[in-house]
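Step one of this worksheet: look at the structure below.
2 protein chains.
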Amino acid sequence: MQRTEHHASFGGRQEVWQHTSTTLGCDMKFGLYLPPAALAGEACPLLYWLSGLTCTEQNFITKAGAQQVAAELGLILIAPDTSPRGDNVPNDPAYDLGQGAGFYLNATQAPWAKNYRMEDYVVDELPTALAALLAQQGVKTTGRQGIFGHSMGGHGALTLALRHPGRYQSLSAFAPIVAPRLVPWGQKVFTAYLGDDPAAWAAHDAVSLIATAQDRLPILVDQGTDDEFLKQLQPELLQAECDQVGHPLTLRMQPGYDHSYYFIASFMGDHLRHHATALRG
Amino acid sequence: MQRTEHHASFGGRQEVWQHTSTTLGCDMKFGLYLPPAALAGEACPLLYWLSGLTCTEQNFITKAGAQQVAAELGLILIAPDTSPRGDNVPNDPAYDLGQGAGFYLNATQAPWAKNYRMEDYVVDELPTALAALLAQQGVKTTGRQGIFGHSMGGHGALTLALRHPGRYQSLSAFAPIVAPRLVPWGQKVFTAYLGDDPAAWAAHDAVSLIATAQDRLPILVDQGTDDEFLKQLQPELLQAECDQVGHPLTLRMQPGYDHSYYFIASFMGDHLRHHATALRG
Chain P
1 MQRTEHHASF GGRQEVWQHT STTLGCDMKF GLYLPPAALA GEACPLLYWL SGLTCTEQNF
61 ITKAGAQQVA AELGLILIAP DTSPRGDNVP NDPAYDLGQG AGFYLNATQA PWAKNYRMED
121 YVVDELPTAL AALLAQQGVK TTGRQGIFGH SMGGHGALTL ALRHPGRYQS LSAFAPIVAP
181 RLVPWGQKVF TAYLGDDPAA WAAHDAVSLI ATAQDRLPIL VDQGTDDEFL KQLQPELLQA
241 ECDQVGHPLT LRMQPGYDHS YYFIASFMGD HLRHHATALR G
Chain L
1001 MQRTEHHASF GGRQEVWQHT STTLGCDMKF GLYLPPAALA GEACPLLYWL SGLTCTEQNF
1061 ITKAGAQQVA AELGLILIAP DTSPRGDNVP NDPAYDLGQG AGFYLNATQA PWAKNYRMED
1121 YVVDELPTAL AALLAQQGVK TTGRQGIFGH SMGGHGALTL ALRHPGRYQS LSAFAPIVAP
1181 RLVPWGQKVF TAYLGDDPAA WAAHDAVSLI ATAQDRLPIL VDQGTDDEFL KQLQPELLQA
1241 ECDQVGHPLT LRMQPGYDHS YYFIASFMGD HLRHHATALR G
C-alpha cells in the first residue's frame, strides 16, 4: 500500500493510495479523504463513491467538491477506480466496455472473467485493505458505512447495496443507470461480461433487485432533466418499482441539470447530509 | 462570440465562450459563471480569476469549487485562458514559457511581442467583449469588479490592479508570485518577453509597484506553508513592502497546504466573501 498523493483540504487530508489487488490481478488506485475529525482521533463512518464510465479515482476527488461538507460532517470518503487497469488487463477501444467500464460486477465470460471482478473488489478486498491501512494510521471508524455514485457508479451503488443487505447503512445516487438490462449501455456490457443468461442480468439490475430487497434502505436519487443520457437512465422505472413494492425512494428531477460534475457538485451537500444522518444517527 | 459549453450549476449557469481576440491574434476561450441573481435580472458585480502556469480556462471552473459561494453572494465569475493559443502563436517546449505562461503582460521582444499581450486582453479587450455579450443576454452588472488569481495568476491580479488604479475595487491572491524579477520563473519569462531593462521588469513586479500604488486597495493573500514552490513565491517580500509603505495586506500562512487546487478550494469561500464585501459594499 503506497501513498501517491496527499494534499491538505478543508482542514483534513485528500490522499491517493495505490495497492496490488489480488482480486483484479493488477495495481489499483483509490482516493481517500480524511476529515479533520478523523485526523483528531474521532471515530468516523465511511462513505464509498463509485464513479461513472471513463472515470478514474481522480474525477470525484478533483471535481465533486465533496471535501468541504465531508469535513463538516466528519465523513471518510473512499473513491475507487472504475475497473481493473493496465497493459495485462483485457480492454476494448470503446469507452463503454473494458477499462473504465467495470460496471461493479464479477464477469463470468472470457476474456473478462479473470480481471473484471469489481464487485468483489469494492465489497470485500478494498474494505479489508482499507481497514488495515486506517488501523495502521490510527484512524478510527464507527463500523457503519454508506455507498453512492454517479451513472454507472449509481448503478454500482444501488446494486451492491441491494445485493449485500446489511453491508451498507445508507444509499444514494446521481443519475444512476437503474435498469441496465433494458438500455444499450447495460445490454452491451452484460452480454460481454455475463453472457446471455437473463437471470444473471437481472441479478445486476437495480430495478429487478428492488422487489426482493432484504432491507428497505431509503434511497435518494437526483436526476437532471437536461441529462444527455436520460434514455440510458430512465429513473421513472426505479420510481415505479419502488412505488410497487413500498421501497422508500426520494427521486428529485432537477430542472436544467445535465450529466456532468457541475450537476454532481450542485447536490453533493444534500447527498452527504443524507448519508451522515443515516450513518451518524 | 460562440458558447462552447453550458451547465446548470448551483442554480446558476457555468458557461465557456470562444471568441477571436484581435489583441492576441488568435481564438480564445473563457469561463463565465452566472449566479442565480444574474439570471433573475439582478445587477451583479464581476470577479475576474487569473490562473497559473499550464492552466487553461478549465482548471478554475472544474476544480476550484467557486460556484456555490458565488451563487450565494451573487458574483459573476470570469476565468480567461493564461496565454494566446494555437499553431500560429509562438511557443516553447518548457511549461513556464510561451503558451500557458502568458504572465499577464504585453511582451516587447521577438518572437513574443505580436501575440503575447495578455495585459491588454485581460484589462481591455475581454471586458469590452464581455460587456457586449452580457448586454445581449440581458445580464446586468453593477459596474464594480474585482480580480484574483493563483500563482502566475496571483502575480497577474496584483500587478494588473496596481498598474490600473480605479479599474478594480477588490483584490486577492492565492500563492502569488509577488516578486517575479527576483525568482527563476519571473527572470526567465521577463528576459524573454521584456528583454533586460530593469525598469520594464519592475513595472510588472508587485513588490516594486506597491510603493507607488495610487490607491490602497486592501489585499488578501493565502499561502500554504507546504507549497512546493515557496522559493518562487516569497510572500514575506510582499509583507515587508506593504508594512514599509502602509499598504493594507492580510497575509495568511496556511499550515500544511500545498500549491494545488485542493488548497485553492479550501479558502475559496473566504476570498469570494472578501470580494463581495468590497464589491457589494
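One line per chain: the protein sequences are P and L, in this order.
Okay, so the first sequence: first residue is 1 according to my numbering, each after it adds one.
Okay, so the second sequence: first residue is 1001 according to my numbering, each after it adds one.
Where a beta carbon is used, it is the ideal one built from N, C-alpha and C, also for glycine.
| Asked | Found |
| --- | --- |
| Do you know whose CA, among L/1223, L/1232 and L/1228, lies nearest residue 1250 of chain L's CA? | L/1223 |
| Given a cut-off of 9 Å on the beta-carbon distance, is the pair residue 1116 of chain L and residue 1147 of chain L in contact? | no |
| Listed from N- to C-terminal order along the chain, which residues in the segment 56-74 of chain P have their beta-carbon within a distance smaller than 8 Å of any beta-carbon of chain L? | 62, 63, 65, 67 and 68 |
| Is the distance from the Cβ of residue 95 of chain P to the Cβ of residue 56 of chain P below 9 Å? | no |
| Using only the alpha-carbon positions, how far apart do residue 1207 of chain L and residue 1215 of chain L sit? | 15 Å |
| Under 7 Å Cβ to Cβ from residue 1011 of chain L, same chain only, skipping five residues before and after it: list those, please. | 1036 and 1071 |
| List the residues of chain P that residue 1256 of chain L touches, going by C-beta distances under 7 Å, in chain order. | 8 |
| Is the CB of residue 260 of chain P under 9 Å away from at least one CB in chain L? | yes |
| Using 10 angstroms around the beta-carbon of residue 14 of chain P, count the other beta-carbons present and answer buried if the total reaches 16, otherwise exposed. | buried |
| Taking the alpha carbon of residue 40 of chain P as the point to measure from, which residue in P/141, P/259, P/267 and P/278 has its own alpha carbon closest? | P/141 |
| Below 8 Å on the Cβ atoms is my contact criterion, and I expect residue 1105 of chain L with residue 1075 of chain L to pass it. Report the Cβ-Cβ distance as a whole number of Å. | Not quite, the Cβ-Cβ distance comes to about 26 Å (not below 8 Å), so this is no contact. |
| Quick one: what does DSSP say residue 2 of chain P is sitting in, helix, strand or coil? | strand |
| Taking residue 1002 of chain L as the reference, give the member of L/1008, L/1027 and L/1023 with the closest Cα. | L/1027 |
| Measuring CB to CB, does residue 124 of chain P end up less than 9 Å from residue 23 of chain P? | yes |
| Within 9 Å (strictly less), CB to CB, does residue 174 of chain P reach chain L? | no |
| Kindly indicate which residue of L/1186, L/1119, L/1083 and L/1032 has the alpha-carbon position closest to the one of residue 1157 of chain L. | L/1119 |
| If distances are taken between C-alpha atoms only, which option among L/1017, L/1025, L/1042 and L/1052 comes closest to residue 1177 of chain L? | L/1052 |
| Using 10 angstroms around the beta-carbon of residue 1225 of chain L, count the other beta-carbons present and answer buried if the total reaches 16, otherwise exposed. | exposed |
| Please name the residue in L/1134, L/1113 and L/1233 whose C-alpha comes closest to that of residue 1183 of chain L. | L/1233 |
| May I ask you to list, following chain order, the residues of the segment 1012-1036 of chain L that have a beta carbon less than 9 Å from some beta carbon of chain P? | 1013 and 1014 |
| Along the alpha helix (DSSP H) that carries residue 63 of chain P, what are the first and last residues, could you check? | 58-63 |
| Exposed or buried, residue 1241 of chain L, counting other C-beta atoms within 10 Å across all chains shown (16 or more means buried)? | buried |
| Can you give me the C-alpha to C-alpha distance between residue 263 of chain P and residue 9 of chain P, rounded to a whole angstrom? | 22 Å |
| Going by the CB atoms, is the gap between residue 274 of chain P and residue 170 of chain P shorter than 9 Å? | yes |
| What did DSSP end up calling residue 1015 of chain L once you bin it into helix, strand or coil? | strand |
| What does a CB cutoff of less than 8 Å around residue 1005 of chain L pick up in its chain, not counting 5 residues either side in sequence? | 1014, 1015 and 1016 |
| Do residue 1221 of chain L and residue 1260 of chain L come within 9 Å of each other at the CB atom, strictly closer than that value? | no |
| Run the CB neighbour count on residue 98 of chain P, radius 10 Å, all protein chains shown included, and call it buried at 16 or more, exposed below. | buried |
| Could you give the first and the last residue of the continuous beta strand (DSSP E) run that contains residue 29 of chain P? | 26-34 |
| Just to confirm the assignment, what range does the alpha helix (DSSP H) spanning residue 1139 of chain L have? | Here residue 1139 of chain L belongs to no alpha helix (DSSP H), and DSSP marks it neither H nor E. |
| Exposed or buried, which one is residue 85 of chain P when buried takes at least 16 other CB atoms within 10 Å? | buried |
| Assuming residue 1103 of chain L contacts residue 1189 of chain L under a Cβ cut-off of 8 Å, what Cβ separation, rounded to an integer in Å, is found between them? | 5 Å |
| Quick check on residue 1277 of chain L: buried or exposed, where buried means 16 or more other Cβ atoms within 10 Å of its Cβ? | exposed |
| Does chain P have any CB closer than 9 Å to the CB of residue 1263 of chain L? | yes |
| Kindly give me the distance between the Cβ atoms of residue 1111 of chain L and residue 1090 of chain L, rounded to whole angstroms, as I take these residues to be in contact under 8 Å. | 4 Å |
| Go to residue 1210 of chain L, then tell me how far its alpha helix (DSSP H) extends in each direction, as first and last residue. | 1206-1210 |
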